[in-house]
Every structure is written in C-alpha cells, then in structure tokens.
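Protein chains in written order, with the working numbering: chain A, 1 to 332; chain B, 1001 to 1261. Glycine residues also receive a C-beta, built at the ideal position from the N, C-alpha and C atoms. Okay, so here's the structure we're looking at.
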Amino acid sequence: MSNATQSIEAGGFAANAGWSGQLWLPGLIAAASWAATAVVTVALPDVVPWGSAGLFAILTGAGAAALVVLALAVPRLGAAGRTIVHYGPWFIAVGVWFFLWELTTAKFGWLPKPFFSPPHGLLAVYVAEWERLLICIGYSLRLWGLGFFSGIAVGFVVGVALGWSKGFSYWGMPILKLIGPVPATAWIPVTFYFFPTTFHASIFIVALSAGIPVAILTASGVAAVNRSYYDVARTLGADSRFLVLKVAVPASLPHVFVGLFMGLYYSFAVLVVAEMLGAKYGLGWYIQFQTAYSGYANVYATLIIMALICAGLVKLLFVGRDRLLAWQKGIL
Amino acid sequence: MSALAKTTPPAAIELKAEAVSHAYEIDGRTLEVLQGIDLTVAPGEFVALLGPSGCGKSTLLRLAAGLESPRTGRVTENGTPIGKPDPSRILVFQDPTLFPWRTVWKNVATGLEARGLLPREKHRVDQALALVKLEKFANAYPHQLSGGMAQRVAIARALVNDPALLLLDEPFGKLDSLTRLTMQNELLALWKRAGFTALLVTHDVEEALLLADRVIVLSDRPARIVAEITVDKPHPRRRDDADLVRLRQDVLAQLGIHGDV
Ligand SMILES: Nc1ncnc2c1ncn2[C@@H]1O[C@H](COP(=O)(O)OP(=O)(O)O)[C@@H](O)[C@H]1O
Ligand SMILES: [Mg+2]
C-alpha cells in the first residue's frame, strides 16, 4: 500500500514516512493552552490564597507534555488516534477554559472568593477532603441504589399491570396521573409518619421519583402494543402468561427505557433533598453542610462529582439499552 | 378433485361454516360483515376465497381461527364448534407480523415455546426454516429481512406447528411478482407434502385458480357466497391453460368485471 492511500485511509493524517509535517496540529495548540494555564498558575500570585496551585500547575503541565507527545504520535496510533483527533477541539477548549478560569478568579479576583473558585481551589478541596468525599459517595450511592432499583422494580410491575389489565387501569391510571406530577419531595411529611427511620423515608422518596416515570411509561408502552401481536401469539397457542411476559413486555421495552432515563435523572435530582432528612453522610448532605458555611468551592467540587456519577450511570443505561434493544436498530 | 385423489392425513380438519353471520359495532352503528355463509372445506382440501376488498374475507378467517365467535351460526372443526384459538388451526396474517424483538429462529419457535414443546423439538424449528430456505437467516432480526423473506418466516412460524388447518390471508399480496410465483409453488409443494386443509384468501383470480381445488367468490359487504367454482385440473397448472383462462373469465364476471381483462 502506498503512503498516499494510507494517508487517505487515516482520515487526513500525514503518512508515517518521516517526521517533517507529521504533526497533529490541534494537539500542539491544546498543549500550548494547557502549558499557558500551568505557567499562569505558578507565575502569578493568588489574590487570596487557595492552596494546591503547585499541584494544579504540575497536572496541567503534565497534560501539556502528554499532548505534545500525542501530537507527534497520533498519526501512527490508528483507531485510537482517530478518537483522540476527534476530541482535539475539546482539548483546546478545556485548556483555554482553564486559562481564563484561573485568570478571572484566583489571579485577577474579578470573580471573587467565596462565590467563585479557581480550578486549583476545587483541586484543593479534593486533596483536603478526599476521604470524607469518598465516604459521602458511598453513602449516596447506597441510598440512590436502594431507592432507584426498588423504585423501578415496583414501577415496572405496576406499569405492566396498568397497561395490561382493564380493571387495574380503571382505578390505577387516574391515581397515577394525579400523583405523577407531584414532586416526590412533597411526600416528605407523610413518609416521616409511615417509615421507621429517616433512612427508609429517604429511600422511599428516591424510589418514588424513579418509579413513577417508569410506571407511566411502561403502562403506556404495554397499552400501545399492536393488537395483532397478541392475535398471532394466541393462534400459536400462547396463554396469558406468555402474552404478558413474551409479547407485552418486550414490545413495550423501548417505552420502559424512556421511563428509566427519566427516573434516573429525577432520582438524582431528589437525592440531595432526600439526604436532608437527617442523613449523616452523603453528597447531598455534604453540599448542604458546606453551603451553610459558605464553602462554595466544596459545593462546586461535589457537584462535579455528582455530575460525573450521573453521566456514568446514564452511559451504563445506554449500554444496557443498546444490548436489550439491538432488535430495534434500523427501526430507529 | 386433486385433493381427494391423494390420501388424506388423519390430522387434517374438516372446516364448516353453517349459516354464519357476523357484524361489528362502529360508533354505535352495526356494520354487517358476513351474511349467511355456508361453506364446507373437506379435510386436506385447498379452497381459495375471492372477493372485493373490505367484504369480510379476513373476518371469516378470524372466525375460523377462533379469534372471534360469529354473531349467529356456527363455525366447526370436524363437527365441534370453534371457540378459541388453537395451534392446530394457524392463521398467517396479511402482514407478516413478525415479533421484531425476536430473531427469525425465535419467531419460528414461538408456537412450540408457547406450548412448552421447544426443549424437545428444537429440530422442528430448523426444519421449518429449511423448508422456506431461510436457514442462513436464523439469527437475523425481522428488520433485516426483505418483505418476501419476512412473509416466508411467517409461513414457517405457522408450519412448524404442523397445523391441520392453515388459514392464509393474502399472504403474497405485498410481494413482487417473481417472489410471489416462487412462494406460490412452495406453498403448493408444502400443502401436497403435509396434507393440511388450506383456506387461502386472495384478491388475485389467477392465484386462486392456480392453487385451489375450489374457488369461492364472495359478494360486496356484507359478504355472501355468490359463486363456487371447482378447478378440476392437476398440478402443476399453466396460467395460459385454455380451461383456466375460461374459468378466469367466469370468475371475473362473477366479481362484476366483464370483457377481455
Ligand atoms: N375489529 C373490527 N371492528 C370494526 N370493524 C371491523 C373490524 N374488523 C373489520 N372490520 C370491518 O369489517 C369489514 C370487513 O373487513 P375484512 O374482513 O378485513 O375485509 P377483507 O375482505 O378486506 O379482508 C371492513 O369494512 C372493516 O372495516
Ligand atoms: Mg383482509
């Protein structure tokens, strides 16, 4: 294969014949922006000291070095290289963002403490508080996991019953439609009465927020299943059990996943509130605690953790959906 | 009659409609669909139903499948009234109606699975797929099939149950003419081999004459039987056969179309 065809296949990369001109230019620009951030962070003094400035400069400096190496190596990395190239503009944007962020907060003080924090201020939070934050993550995930999974399990079963049975739907649908729009947190007073501990009450609130969208979407999904699928299955000898489990449920799965995504977001949103109910640890609890003491840098640092966890869970759910709904590809 | 000439398997069903009338309620109004249908399909016989669209052909098949019960009259199999669907009477719908979430293999296996026979009878699924020449697509999903392939899967999904009565609702209606010819021949071969009773709804006069022992012509809605034509010709039949051409004119005349069509 000639170098010319290789460079075409590599999506515009120069071929690997030599070093001159064999550069990933956006990588170098990104490296420059990251290096500039590192230099600014150590060279200029903080208006009010934040700590961890040195560590942040080392990290961004290392990032810049890594980008320089990538700029040289990417044209020969194949598929991985193409992925990196794809995100090139993002590397630049993040570097520039860090640079401006440093200047406007810590260095010039335009966005003052305590309402704003420079990136190394957040880093300082992670360095100082990582143990406590890890414990909080564990507690939050336990509460969220117990609430979310029990909520979607009950929501799914209720949804199938509502979608399948006329009797269930006659009584259940109006009730569900009434309580559906009520924010899960509005039930807090009642849950205090019914549940033995605040922990149970918190789980219930999270479960409710995840379960209701799953129930509604599952019910509408099951009710919307094409009647002829049932006719076909019945002529083939299917009993009701088969019709529910092997026809109604798989046919409504696309709807169910919409409900799951909604439930995931809602449950995360109420997590903070649920942890108000006398929790002793947890990211939501930590955020409230720090807000009360104007530790806004800690609040931002925690919000970033929550955003990353939520994004990770959404990603997992996407992977699960693509597995289970592979049959849908091409329909979508 | 060719169907009677060959040995009738004991499994085949005699399907009988006695003074069957049926109607639907639409917006509080009664829509008469079938009116006084009397029809006997002998075990192993191949009967075609012809009629204008919307006259009630599909409805008659639904009654025979047991998906619905007639308002008046009875539909019986071997003398017993048909009350509910049963895998011995399989309906192949106008659309393939494959389950999109199941692979081709699982679609064909549905009937055996629903009756708990699948663990012991997996080979029958493979046989049915081989019969419609789709072994290679066992793991494909319905959205990956062409219209003709999907319809063949639907037919395999019916045949795997060894039906004694096969009800076909315009199964080839949406296929291109070449695929349709192949499928007609395949159906004929299957029917000869398996010996089930077949009731085929079609709007294609030629198809009816090429395949069936008997052609029943229905009137506009509400459907009554207006003619019954016996096709006493051995298979394979040629569509330019003089007798068939004459029968075709007869049938078209019964349907209200005159002249050289
Ligand atoms: N489930 C139903 N409810 C109401 N009307 C129906 C129903 N099924 C069929 N019909 C009506 O009955 C008539 C006959 O339908 P069908 O048997 O499908 O006709 P075709 O001969 O074209 O197969 C049509 O007018 C149709 O609108
Ligand atoms: Mg029809």
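Item	Value
Extent of the continuous beta strand (DSSP E) run through B/Q1035	1029-1041
Residues that B/N1161 contacts on chain A, provided the C-beta gap is smaller than 8 Å	L236, G237
Element boundaries [alpha helix (DSSP H), containing A/V232]	227-235
Segment contact, 8 Å Cβ cut-off, at least three pairs: the stretch 190-201 of chain A with the stretch 273-286 of chain A	yes
Among A/V125, A/P189, A/R227, the one whose alpha carbon lies nearest that of A/I305	A/V125
Reduced DSSP category for A/A238 - H, G, I as helix; E, B as strand; rest coil	coil
Boundaries (first-last residue) of the beta strand (DSSP E) holding B/Y1024	1015-1026
Any C-beta of chain B under 8 Å from that of A/D231	yes
Closer than 8 Å at the beta carbon, the chain A residues around B/P1087	T235, L236, G237
Nearest neighbour of A/L143, chosen from A/L208, A/P174, A/A186 [CA to CA]	A/L208
Entirely enclosed beta strand (DSSP E) segments - the stretch 1165-1192 of chain B, minimum 3 residues	1165-1169
Span of the beta strand (DSSP E) around A/T104	Run containing A/T104: none; DSSP gives neither H nor E here.
Segment limits, beta strand (DSSP E) that includes B/T1110	Premise fails: B/T1110 lies in the alpha helix (DSSP H), 1104-1114, not in any beta strand (DSSP E).
DSSP state of A/T60 mapped onto helix, strand, coil	helix
Chain C contact for B/Y1141 (CB, 8 Å cutoff)	Protein chains in the displayed structure are A and B, and chain C is not among them.
Runs of alpha helix (DSSP H) wholly within the stretch 144-207 of chain A (minimum 4 residues, chain order)	166-179, 188-194
Beta carbon proximity, A/F257 to chain B, threshold 8 Å	no
Endpoints, beta strand (DSSP E) assigned at B/I1225	1225-1230
Element boundaries [alpha helix (DSSP H), containing A/A297]	296-324
At least three beta-carbon pairs within less than 8 Å, the stretch 107-122 of chain A to the stretch 254-265 of chain A	no
Classification of B/L1255 by the beta-carbon crowding that lies within 10 angstroms, buried from 16 upward	buried
Cβ of A/M181 within 8 Å of any chain B Cβ	The identity of residue 181 of chain A in the sequence shown is Pro, whereas the question assumes Met. Output row for A/P181: interface = no.
Cβ-heavy atom distance, B/D1169 to ligand 2, below 7 Å	yes
Beta-carbon gap between B/L1181 and B/L1049 smaller than 8 Å	no
Proximity test, B/S1058 beta-carbon vs ligand 2 heavy atom, cut-off 7 Å	yes
Cutoff 8 Å: B/A1065 Cβ touching any chain A Cβ	yes
Proximity test, Cβ basis, 8 Å: B/L1061 and chain A	no
Limits of the beta strand (DSSP E) - the one that B/I1090 falls within	1089-1092
A/L141: CB within 7 Å of a non-hydrogen atom of ligand 1	no
Three-state secondary structure assigned by DSSP to B/D1086	strand
Cβ neighbours of A/I333 in the same chain (closer than 6 Å, five flanking residues each side left out)	Because chain A here runs from 1 to 332, residue 333 of chain A falls outside it and cannot be looked at.
Residue-chain proximity (A/W327, chain B), Cβ-Cβ < 8 Å	yes
Contact the stretch 81-94 of chain A vs the stretch 153-160 of chain A: 3+ CB pairs below 8 Å	no
Contact list for the stretch 1099-1120 of chain B against chain A, Cβ threshold 7 Å	F1099, P1100, W1101, T1110, G1111, A1114, R1115
A/T104 to A/F56 span [Cα, whole Å]	16 Å
Ligand 1 heavy atom lying under 7 Å from the CB of B/C1055	yes
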